[in-house]
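Protein chains: 2
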Amino acid sequence: MVESTTTIYDVARVAGVSMATVSRVENGNANVKEKTRQKVLDAIAELDYRPNAIARGLASKRTTTVGVILPTITSPYFAAIARGIDDVASMYNYNVVLANSDNDEEKEAKVIESFLSKQVDGIVFMGSSLSESVRNQLVGARTPVVLAGTIDGDKELASVNIDYHLAALESTAKLLEHNKKVGYILGSLRDAENVERMVGYQEALEDAKVDFDESLVFEGNYSYENGRNLAQQLLDEKISAAVVSVDDVAVGLLNALQEKGIKVPEQFEIIAGSNSPLTQYSYPALTSVNQPLYDLGAVSMRLLTKLMLKEEVTDSQLILAHELIQRHSTK
Amino acid sequence: MVESTTTIYDVARVAGVSMATVSRVENGNANVKEKTRQKVLDAIAELDYRPNAIARGLASKRTTTVGVILPTITSPYFAAIARGIDDVASMYNYNVVLANSDNDEEKEAKVIESFLSKQVDGIVFMGSSLSESVRNQLVGARTPVVLAGTIDGDKELASVNIDYHLAALESTAKLLEHNKKVGYILGSLRDAENVERMVGYQEALEDAKVDFDESLVFEGNYSYENGRNLAQQLLDEKISAAVVSVDDVAVGLLNALQEKGIKVPEQFEIIAGSNSPLTQYSYPALTSVNQPLYDLGAVSMRLLTKLMLKEEVTDSQLILAHELIQRHSTK
DNA sequence: TTGTAGGCGTTATCAT
DNA sequence: ATGATAACGCCTACAA
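Read top to bottom, the protein sequences are chains X and B. In this text, residue positions in the first sequence follow the working numbering: the first is 1, and each later residue adds one. In this text, residue positions in the second sequence follow the working numbering: the first is 1001, and each later residue adds one.
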């Protein structure tokens, strides 16, 4: 048996109709007599015909494919968002092309180029920061773009975010109830989202009439090891509670503190920032801000479909609600 | 400024050559005079021309895209593999289309259809089991396929796996050094990989002249909660050590045991099966079998490139080495 | 309701 | 070394 691709012409021949009719049947065009439709369907089944999406893409200029760029799929944080994106994408019959950027500007640029070249119908971009050049690349593209969990200061691009500012404020306020010195441990302040958190932290202090002390803020922490190493520094500063924006860091801190004999939450309170599964596995389980990550992805993708299908969108700068999940690392 | 796509013809016109020449330059064909090449390059830069990969795909029958199917990207296990796949894919200039199947046979079938329709150059399939129909679909495809961490009993499809059998045997043997009753906690026995583990477990018992006791085996456990719930059952069976193939379950068990006042590893030893970051974050950190997940993905993708480029492959059934990482949940 | 024919933007095969 | 000119497989007016 010769393995050559069967095309729409083959189906047409077998069904005894023209290829246009086959195309109509494939695309659910109503203008086809039921009897003809059946003949075509039979021929399709008989030949095991499968439309070539590439040819279709070339002719129709739509690929039903969206590109997704994220720092790394290995992070539970981005994986959760990606899952939300993927579910909604499948719901709308889009395929997802995934690319890891490692937060590297060059890779980001290269991936975007590649996506545009492949004629994706839309792009979801995630990155802890948005460089000027990448931003221009995205704005200049004729393809719809949505930023997920990524802040565009100029608000020119559509985006879906979580209210980091408010989350930080609330978390800090809660710890301030029982503590005088509340530390804040977060990632790089070059990332807009962390700046927002920082502002939230300061506002909470202000509300509680506590002076801001720079030495209680620890920037640039992302790993479990970072968290472990921070423990002693916090104790030296007489800090007795901390908001930790990255979960891995929070767990590292928790474990290191306990190894030093510090009781959590009795002697030290912790609020983690992402509510990843990690926070439930630690002992004691960590009180945590629940960022609706899956929803963030799902909503981003939904917004993108609207943009792609040219549906009306009233607000293209969305903010999702978060919540504080009380576990056992706070009093 | 009118936003119409600029094609290879536009470049040809501006450069004053034929489109064939532009195509040659684009594809690095040597048969182009240096001076001509430069003219073309200038025109490309001037017009900001970007080749249309869809048109190229249609004409060349190659899309430089591979499809990846996995149960869920949300699992750190599959995320690590996916990362390995993606890195090697980018290295070879392929894009990765990702699809979550949720281990659902229907979704798997649908996704494979969609991939084939999109003319992917190759497919990496991951699933805890391989149903007969999906297997046929894969075998019948004219597209190269590699199974990653998925066992095909008939060994007809190319695959890359970890030696679950040996890993289980070694882990069990280690626990048998200090314990009489060693439990085994694993996922569904309908999955080939778990059957392999089971056999390894039994062989280790045999080697140590310990009778196999069915009630020491706990099947179908995947979640943290499963692990927690198992703690009392294990203690009731007087089990004092267990190999736990899923890390989440291991952490759950660990935490629940400690809440009951059981000291790990003094009174109970645990070996986890996947060495995900979780095992390092728990307290005490879990001794764990290190499955080379990233490598599994990388090697799978490398094998796939060979298949796609029709390079010679001597062995298409690869087994990767694992190792036991000693931490603090074993004596 | 159905068929014809001209793209879509490349690659690739022949000529020249 | 370069240029015409068919494919590639489908969509979509436009005709019939």
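Heads up, the beta-carbon is just placed ideally off N, CA and C, and yes, glycines get one too.
- Pairing X:Thr172 with X:Asn179, the inter-Cα distance amounts to about 10 Å.
- Between the stretch 44-58 of chain X and the stretch 82-90 of chain X, the count of C-beta pairs closer than 8 Å stays below three; the two stretches do not touch.
- Not a single CB atom of chain X sits nearer than 8 Å to the CB of B:Val1264.
- Listed in chain order, the non-local C-beta contacts of B:Thr1036 below 7 Å within the same chain comprise Val1017, Thr1021, local neighbours out to five positions each way being set aside.
- Per the coordinates, the alpha-carbon of X:Asn27 lies some 19 Å from the alpha-carbon of X:Met308.
- Excluding its 5 nearest sequence neighbours in each direction, B:Leu1216 has C-beta neighbours in its own chain below 8 Å: Lys1181, Val1182, Gly1183, Tyr1184, Glu1237, Ile1239, listed in chain order.
- Inter-residue distance for B:Ser1300 and B:Val1124 is about 7 Å (C-alpha atoms, whole angstroms).
- Beta-bridge annotation (DSSP): X:Tyr184 is paired with X:Val217, X:Val243.
- For the options B:Ser1316, B:Leu1320, B:Thr1279, B:Glu1219, the alpha carbon positioned closest to that of B:Arg1327 is the one of B:Thr1279.
- Shown here, X:Gln317 sits in a strand according to DSSP, grouped into three states.
- The three-state reading of DSSP puts B:Phe1115 in helix, counting H, G and I together.
- Taking X:Asp295 as reference, the option from X:Tyr222, X:Ala82, X:Gly200 with the minimal CA-CA separation is X:Ala82.
- Taking the CA atoms as reference points, X:Asn52 sits about 11 Å from B:Val1120.
- Per DSSP, B:Ile1262 lies in no alpha helix (DSSP H) and is assigned neither H nor E.
- The beta carbons of X:Val134 and X:Glu108 sit about 5 Å from each other, so the pair counts as a contact at 8 Å.
- The beta carbon of B:Thr1063 falls within 8 Å of a beta carbon belonging to chain X, placing the residue at that interface.
- Residue state for X:Ile325 is assigned as strand, using DSSP reduced to three classes.
- Of the candidates X:Ala241, X:Ala256, X:Pro277, X:Leu257, X:Pro277 places its Cα closest to the Cα of B:Val1251.
- With distances taken between CA atoms, B:Glu1156 lies nearest to B:Ser1316 out of B:Lys1331, B:Leu1324, B:Ser1316.
- Using a Cβ distance threshold of 8 Å, B:Tyr1164 and B:Gly1200 count as a contacting pair.
- For X:Tyr224, the neighbours in chain B by C-beta distance under 8 Å run, in chain order, Pro1277, Gln1280, Tyr1281.
- Boundaries cannot be given for B:Glu1311, as no alpha helix (DSSP H) includes it and DSSP labels it neither H nor E.
- In the three-state scheme derived from DSSP, where H, G and I count as helix and E and B as strand, B:Val1032 is classed as coil.
- According to the DSSP secondary-structure assignment, B:Asn1100 is paired through a beta bridge with B:Leu1070.
- The C-beta separation of B:Ser1282 from B:Leu1254 comes to about 6 Å, placing the pair in contact by the 8 Å criterion.
- Approximately 5 Å separates the beta-carbon atoms of B:Val1068 and B:Leu1098; this is inside 8 Å, confirming the contact.
- X:Thr7 does not reach chain B, its nearest Cβ partner there being about 12 Å away, counting only Cβ pairs nearer than 9 Å.
- Take the alpha-carbon of X:Ala141 and the one of X:Ile112: they are about 9 Å apart.
- Taking a beta-carbon distance threshold of 8 Å, B:Lys1260 does not count as an interface residue toward chain X.
- Exclusion of the five residues before and after X:Leu205 leaves Phe212 as the residues of its chain whose Cβ lies within less than 6 Å of its Cβ.
- Following the DSSP letters along the chain, one finds X:Gly122 in no alpha helix (DSSP H) but inside the beta strand (DSSP E) bounded by residues 122-125.
- The C-alpha of B:Ser1159 is placed about 8 Å away from the C-alpha of B:Asp1152.
- Apart from the 5 residues on each side of it in sequence, X:Leu47 sits with its Cβ closer than 7 Å to the Cβ of Thr6, Asp10, Val11, Val14 in its chain, given in chain order.
- For B:Ile1073, a Cβ of chain X is located within less than 8 Å of the residue's own Cβ.
- Within chain X, the residues Asn52, Ala53, Ile54 have their CB atoms less than 8 Å from the CB of B:Gln1119, given in chain order.
- In the three-state scheme derived from DSSP, where H, G and I count as helix and E and B as strand, B:Asn1095 is classed as strand.
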